[in-house]
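Chemist:
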Amino acid sequence: MLRINLLDELLDKFLNEVPELIAVLVVDLDGLVIAQKSLKGFDEEIIGAIMTILDQTINKIKRFTDTSYGSGTFDTNEFRLFYTELVTTKSLFVLVADPYSNIEQYIPYSYIIADKASQLLNNRETSLNLPKLDIDNNEIYIPDDNSADGKTEYNKVVIIGPQQVGKTTLLNMYVNGEFEQNYRPTIGVHFIEKSFQLTNRLQLKFYIFDLSGVKSFGKIRRFYYPDSQAVILLFDYSNPESLEKINEWFEEARHFIEDNSTIYLLVGNKIDLVGDRLNLKEKAEKIATQYGCNFFEISAATGEGIDELFTYLVSNTM
Numbered sequence: 013m014l015r016i017n018l019l020d021e022l023l024d025k026f027l028n029e030v031p032e033l034i035a036v037l038v039v040d041l042d043g044l045v046i047a048q049k050s051l052k053g054f055d056e057e058i059i060g061a062i063m064t065i066l067d068q069t070i071n072k073i074k075r076f077t078d079t080s081y082g083s084g085t086f087d088t089n090e091f092r093l094f095y096t097e098l099v100t101t102k103s104l105f106v107l108v109a110d111p112y113s114n115i116e117q118y119i120p121y122s123y124i125i126a127d128k129a130s131q132l133l134n135n136r137e138t139s140l141n142l143p144k145l146d147i148d149n150n151e152i153y154i155p156d157d158n159s160a161d162g163k164t165e166y167n168k169v170v171i172i173g174p175q176q177v178g179k180t181t182l183l184n185m186y187v188n189g190e191f192e193q194n195y196r197p198t199i200g201v202h203f204i205e206k207s208f209q210l211t212n213r214l215q216l217k218f219y220i221f222d223l224s225g226v227k228s229f230g231k232i233r234r235f236y237y238p239d240s241q242a243v244i245l246l247f248d249y250s251n252p253e254s255l256e257k258i259n260e261w262f263e264e265a266r267h268f269i270e271d272n273s274t275i276y277l278l279v280g281n282k283i284d285l286v287g288d289r290l291n292l293k294e295k296a297e298k299i300a301t302q303y304g305c306n307f308f309e310i311s312a313a314t315g316e317g318i319d320e321l322f323t324y325l326v327s328n329t330m
């Protein structure tokens with residue numbers, strides 16, 4: 013019950029941040045509403061009509077696949093709907109807007125909430141804090157440097173790279189000190205805060221965005237890059253092909269980040285899984301030199317090298 017209460021609180025925060033939406037729901041694949049928040053006047057009859065539409069859509073998708081429902085948008089006479097599958101939970105995260113709404117502008121932000129909903133449904137600890145959404149400029153942003161009392165500095169960090177290189181595992185080890193063996197693909201984006209009390213009067217806060225490496229998510233990733241102070245590009249030492257793809261990730265990030273002062277860090281993960289990594293390390297160092305960035309080696313499983321990586325970030329983003 014506690015998790016459902018937290019889920020209700022999360023959806024309530026989301027709807028307050030995006031009041032243009034009519035409702036947000038989490039539903040299972042059998043049509044049961046797990047949690048929902050809506051504007052006044054959004055009654056059970058309307059929810060029932062929406063669930064009928066979703067059920068029809070799910071049945072159509074089942075004709076073509078037994079493994080994934082993905083995400084999508086569709087229109088009715090009364091509503092515009094967006095849904096995305098919450099991986100491993102057998103449920104869907106659903107946005108409901110009026111038929112004239114530009115629901116697409118809310119999709120990048122909604123992936124942050126969808127990921128947190130999935131974390132809660134998987135009985136994992138997650139913060140309910142959310143970044144801000146600037147609808148007018150279609151941007152997800154962090155607070156201005158320094159809080160009202162001048163004691164907090166904010167920095168935005170994005171973690172990118174191919175699938176299954178350990179981006180979320182790295183973040184989980186860094187923030188929670190835990191290694192999760194069961195691979196769960198990121199639902200678009202995983203957002204988390206990390207605070208450092210540098211002095212009695214100065215706090216540094218990282219807003220970290222772990223972006224999915226799935227190719228189909230490429231069109232959405234661009235919304236998370238602007239105003240980043242640092243970019244961590246991760247490859248997997250046990251999968252040399254992941255390093256071969258890293259140039260594409262450098263180019264993607266640089267295309268959407270206009271600030272030349274942004275720090276780029278190339279990071280080789282899973283050093284615990286390989287013995288002789290000298291040749292791959294030399295290739296990685298050449299790429300780092302090519303893009304003028306620092307190179308680090310880590311193990312997200314054992315924690316080796318992670319403190320050094322983020323200590324560098326703390327020292328160079330103030």
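Going by this note's numbering, the sequence shown wraps up at 330, each residue one higher than the last.
The beta carbon of each residue, even a glycine, is placed where N, CA and C say it ideally should be.
Please read all numbers here as calculations on a predicted model, not as lab measurements.
Return the CA-CA distance between Glu90 and Gln48, expressed in angstroms with no decimal places.
Modeler: One alpha carbon belongs to Glu90, the other to Gln48, and they sit about 18 Å apart.
Chemist: Identify, in the order they occur along the chain, each residue of the same chain with its Cβ nearer than 8 Å to the Cβ of Leu132, setting aside the five sequence neighbours on each side.
Modeler: Arg15, Leu18, Leu19, Leu22 and Thr138
Chemist: To test your reading of the DSSP string, which unbroken alpha helix (DSSP H) runs of 4 or more residues are found completely within the region 259 to 319?
Modeler: 290 to 302
Chemist: My understanding is that Ser250 touches Leu285, with C-beta atoms under 8 Å, so please give their C-beta distance in whole angstroms.
Modeler: 4 Å
Chemist: Mind reading off the beta-carbon distance from Ser240 to Thr274? Whole number of angstroms is fine, and I expect it under 8 Å.
Modeler: 6 Å
Chemist: Use the C-beta contact count for Ser130: other C-beta atoms within 10 angstroms, 16 or more gives buried, fewer gives exposed.
Modeler: buried
Chemist: From the DSSP output, which residues share a beta bridge with Ser207?
Modeler: Lys217
Chemist: Can you grab the Cα-Cα spacing for the pair Val30 / Asp127, in whole Å?
Modeler: Asp127 has its alpha-carbon roughly 17 Å from the corresponding atom of Val30.
Chemist: Between Arg289, Ala300 and Tyr276, which lies nearest to Tyr324 when the distance is taken from Cα to Cα?
Modeler: Cα-wise, what sits closest to Tyr324 is Tyr276.
Chemist: Please classify Thr79 as buried or exposed, where buried requires at least 16 neighbouring CB atoms within 10 angstroms.
Modeler: Caution is warranted here: a pLDDT of 49 is assigned to Thr79, below 50, making its placement in the model unreliable, and the coordinate value is therefore given only provisionally. Exposed: under 16 other Cβ atoms inside 10 Å.
Chemist: For the candidate residues Lys206, Gln209, Leu216 and Thr181, whose alpha-carbon lies nearest to that of Leu223?
Modeler: Thr181
Chemist: Is Arg92 buried or exposed, if buried means 16 or more other CB atoms sit within 10 Å of its CB?
Modeler: buried
Chemist: Quick one: give me the first and last residue of the beta strand (DSSP E) that Arg136 is part of.
Modeler: Arg136 -> no beta strand (DSSP E), and no H or E assigned at all.
Chemist: Residue range of the beta strand (DSSP E) that Ile34 falls in?
Modeler: Counting along the chain, Ile34 falls outside any beta strand (DSSP E), and DSSP gives it neither H nor E.
Chemist: How long is the line joining the alpha carbons of Tyr343 and Asn272, rounded to whole angstroms?
Modeler: Here the chain has residues from 13 to 330 only, and residue 343 is not among them.
Chemist: Below 8 Å, can you find three or more Cβ-Cβ pairs linking the region 231 to 240 to the region 169 to 177?
Modeler: yes
Chemist: Taking C-beta to C-beta, are Lys33 and Val108 nearer than 8 Å?
Modeler: According to the sequence as given, residue 33 is Leu; it is not Lys. In contact: Leu33 and Val108 (Cβ atoms closer than 8 Å).
Chemist: Determine whether the beta carbon atoms of Lys282 and Asp248 lie at a separation below 8 Å.
Modeler: yes
Chemist: What's the C-alpha gap between Tyr219 and Val39?
Modeler: 29 Å
Chemist: Going by Cα to Cα distance, which pick from Ala35, Phe262 and Asp42 is closest to Leu51?
Modeler: Ala35
Chemist: According to DSSP, is Thr79 part of a helix, a strand, or is it coil?
Modeler: Model confidence at Thr79 stands at a pLDDT of 49, short of 50, so the residue's coordinates are unreliable; what they give is reported in the following sentence. Three-state result, Thr79: coil.
Chemist: Out of Phe221, Phe229 and Asp146, which has the shortest C-alpha to C-alpha gap to Ile244?
Modeler: Phe221
Chemist: Can you check DSSP and say which residues form a bridge with Phe94?
Modeler: Thr85 and Leu107
Chemist: Suppose you measure from the CA of Glu264 to the CA of Glu57; what does that come to, to the nearest Å?
Modeler: 45 Å
Chemist: Near Ala312, what residues of its chain come up, given a Cβ to Cβ distance below 6 Å and the 5 sequence neighbours on each side ignored?
Modeler: Around Ala312: Gly178, Thr181, Leu182, Met185 and Asn281.
Chemist: Can you give me the start and stop residues for the alpha helix (DSSP H) that Glu256 sits inside?
Modeler: According to the DSSP assignment, Glu256 belongs to the alpha helix (DSSP H) that extends over Pro252 to Glu256.
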